[in-house]
Amino acid sequence: MARKKIEQAAMMVKDTAGREVTIPRTEQRVIHSHAGNREYRIFVAKPDGEPPPSGFPVIYLLDANAVFGTMVEAMRVQACRPEKTGVFPAVIVGIGYPTEMPFAPARFYDFTLPVSAAELPSRPDGTAWPELGGAEVFLKFIEEELKPEIECEFKIDSERQTLFGHSLGGLFALHVLFTKPTAFRTYIAGSPSIHWNKRLLLEAEQQFVSRLERETLNVEILLAVGELEKSHKSRINDNAKELAERLSAFADRGVYVEFKEFEGEGHVSVLPALISRAVRFASRR
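Under our numbering, the residues of the sequence shown are numbered 1 to 285, in order.
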């Protein structure tokens, strides 16, 4: 009897060996954008169960090759006890690239505005930066191609849409906030590279402020950095904190802002902690 059990256990190990580990209720596809004639690898995580009457919230996640799995698992674990965590199930749509690299060079084009070479920071290795300046085209892809496709597949709550970006992705999230604030309800900008397009971003911020003087908006903004980024010469922490302070002045115009500095974390290591906070922030009601 003991020998039979050992043989059965050995067969089970052999049967499961070499199988890929997959994340439940997720899928991926490649979309060719008409707006920019570019290819994107789109990752989608589907909530379990039926949508609420208003539809599922949705989180659009940039740099999905690097962080899609982290966010899906953070959502799956926390959303199973919403009464304890405050996290409710949401559709997660990761926007990545057809590569196995965590951060593809194509992101430089998608997340940035056109600027002169003199305005750019120096690259650490001294080489030229990849192609830049496609933020408007990328936003058009999200708004006119990606969102309609997702809304055909899921019942989506249009009032509970979140955009998450980190580093240059955080810069892009702020660009969208300032130029098209109604595109999303919630904006999460982690370690935003404000220094990249600072002049243009400040101009867009002033336009945003002018709009707030005419109308009330309903937006929620999380600006977050790692404590160890304080030493970065680009002033990532100071820039983000100062922006949070400026935007906080418009609480009476429907702008809610939080700033968070994660202790002991750097520019990349901050991502898991930020994502855990992000899924809670996106569930604010």
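C-beta atoms are modelled at their ideal positions from N, C-alpha and C, and glycine is treated no differently.
I'd like the list of long-range same chain contacts for residue i, defined as Cβ closer than 6 Å, with 5 residues on each side in sequence excluded.
i      : result
Tyr256 : Glu220
Thr99  : none
Lys198 : none
Leu274 : Gly190 and Ala224
Glu20  : none
Ala64  : Phe43, Gly94, Ile95 and Gly96
Arg285 : none
Gly169 : Leu62, Asp63 and Phe111
Ala10  : Model confidence at Ala10 stands at a pLDDT of 45, short of 50, so the residue's coordinates are unreliable and nothing is read from them.
Since residue i contacts residue j with CB under 8 Å, what's their CB separation in whole angstroms?
i      : j      : result
Leu61  : Met71  : 6 Å
Ser167 : His267 : 7 Å
Phe141 : Ala35  : 4 Å
Leu243 : Ile194 : 7 Å
Glu227 : Glu261 : 5 Å
Leu222 : Glu245 : Going by Cβ atoms, the distance from Leu222 to Glu245 rounds to 14 Å, so no, they are not a contact pair.
Gly86  : Ser234 : Contact flag wrong, Cβ pair sits at about 33 Å.
Pro148 : Leu174 : In fact, because the Cβ distance is near 24 Å, the residues do not count as touching under 8 Å.
Ile188 : Phe281 : 6 Å
Leu139 : Trp129 : Actually they do not touch by this definition, with Cβ atoms about 20 Å apart.
Pro51  : Lys155 : 4 Å
Take residue i as the anchor and find which of the options has the nearest alpha-carbon.
i      : options                           : result
Ile59  : Val137, Leu177 and Ala45          : Ala45
Gly55  : Thr186, Gln207 and Glu151         : Glu151
Ala240 : Ala273, Glu213, Cys80 and Trp196  : Trp196
Val279 : Glu50, Ala90, Gly133 and Glu215   : Ala90
Leu146 : Ser248, Leu271, Ser283 and Val30  : Val30
Gly69  : Arg107, Thr22 and Gln207          : Thr22
Leu202 : Pro57, Gly49 and Leu113           : Leu113
Gly134 : Phe111, Arg160 and Phe154         : Phe111
Asp252 : Leu217, Glu258, Phe262 and Asp125 : Leu217
Thr26  : Ser276, Pro47, Thr186 and Arg38   : Pro47
Gly254 : Ser231, Ser269 and Arg214         : Arg214
Leu171 : Ile236, Lys230 and Ala183         : Ile236
Glu229 : Glu263, Ala249 and Leu247         : Glu263
Leu247 : Leu212, His232 and Pro102         : Leu212
Gly49  : Asn37, Ala79, Glu73 and Gln28     : Ala79
Arg305 : Arg277, Ala183, Glu153 and Pro102 : Past the edges of the chain, shown from 1 to 285, lies residue 305, and the structure says nothing about it.
Ala104 : Val77, Glu39 and Glu83            : Glu39
Arg277 : Gln28, Pro124, Val77 and His32    : Val77
Specify, as a first and last residue, the run of the beta strand (DSSP E) that residue i falls within.
i      : result
Ala189 : Thr186 to Gly190
Phe56  : Phe56 to Leu62
Ala45  : Glu39 to Ala45
Ile150 : Ile150 -> not in any beta strand (DSSP E); alpha helix (DSSP H) instead, spanning Lys147 to Glu153.
Arg25  : Note, Arg25: premise wrong, no beta strand (DSSP E); not H, not E.
Given residue i, which residues of its chain have a CB within under 8 Å of its CB, disregarding the five upstream and five downstream residues?
i      : result
Phe208 : Leu177, Phe178, Thr179 and Pro181
Leu271 : Ala66, Val67, Thr70, His166 and Gly190
Ala118 : none
Arg185 : Glu159, Arg160, Gln161, Thr162, Asn218, Val219 and Glu220
Ser231 : none
Ile92  : Phe43, Val44, Ala45, Val58, Ile59, Leu61, Phe68, Met71, Val72 and Met75
For the alpha helix (DSSP H) that residue i lies in, which residues bound it at each end?
i      : result
Ile236 : Ile236 to Ser248
Can you find the residues in the same chain that come closer than 7 Å, C-beta to C-beta, to residue i, ignoring five residues on each side of it along the sequence?
i      : result
Arg81  : none
Glu144 : Ala35
Leu200 : Leu113 and Val115
Ala157 : A quick correction: the sequence has Asp, not Ala, at residue 157. The answer, listed in chain order, is Ser54, Gly55, Phe56 and Pro57.
Val137 : Ala35 and Gly36
Ser269 : Gly226
Ala183 : Glu143 and Val176
Requested in this report: Entirely within the stretch 261–285 and at least 4 residues each: give me those alpha helix (DSSP H) ranges in chain order.
Outcome: 270–281
Query raised in the report: Which parts of the stretch 165–227 are runs of the beta strand (DSSP E), unbroken and 3 residues or longer, counting only runs that do not cross its ends?
Result: 186–190 and 219–226
**Report entry** Start-end ranges of the beta strand (DSSP E) lying completely within the stretch 68–140, minimum 3 residues
**Finding:** 91–96
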